[in-house]
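Numbering (the numbering used here), first residue to last: 394 to 479.
Glycine residues also receive a C-beta, built at the ideal position from the N, C-alpha and C atoms.
Take a look at the structure below.
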Ligand SMILES: [Ca+2]
Ligand SMILES: [Ca+2]
């Protein structure tokens, strides 16, 4: 059983490293433990930002969205989506 735990730990480290490196990359869609779809899928009108409507379409709560919309312009950036919304 110990071997399995080691594999899980290794996977978590790899994922964390990949998430840090994928800052400006176009995401290779390896989602281990990430329930949310890639930003490109969520951003339905392709304006590079997430509207409340787009957020709700993938099950993001309105209060979660508002928390991430720091400047209250009704939109959340890709970074906010990736790192702020869980
Ligand atoms: Ca959008
Ligand atoms: Ca905003």
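Local conformation of residue i per DSSP, three classes
i: residue 463; result: coil
i: residue 445; result: helix
i: residue 469; result: strand
i: residue 484; result: Given a span of 394 to 479 for the chain in the structure shown, any question on residue 484 remains unanswerable.
i: residue 475; result: helix
Distance CB(residue i)-CB(residue j) smaller than 8 angstroms
i: residue 443; j: residue 476; result: no
i: residue 457; j: residue 472; result: no
i: residue 437; j: residue 447; result: yes
Buried or exposed (CB count within 10 angstroms, at least 16 for buried), residue i
i: residue 440; result: exposed
i: residue 464; result: exposed
i: residue 461; result: buried
Below-8 angstroms beta-carbon distance, residue i vs any chain D residue
i: residue 443; result: Here there is only one protein chain, and chain D is not present.
Residue i: CB within 7 angstroms of a non-hydrogen atom of ligand 1
i: residue 443; result: yes
Same chain, Cβ closer than 7 angstroms to residue i, five either side skipped, listed in chain order
i: residue 468; result: 442, 443, 444, 462
i: residue 451; result: 429, 430, 435
Residues near residue i in its chain [Cβ-Cβ closer than 6 angstroms; skip 5 each side]
i: residue 432; result: 471, 474
i: residue 449; result: none
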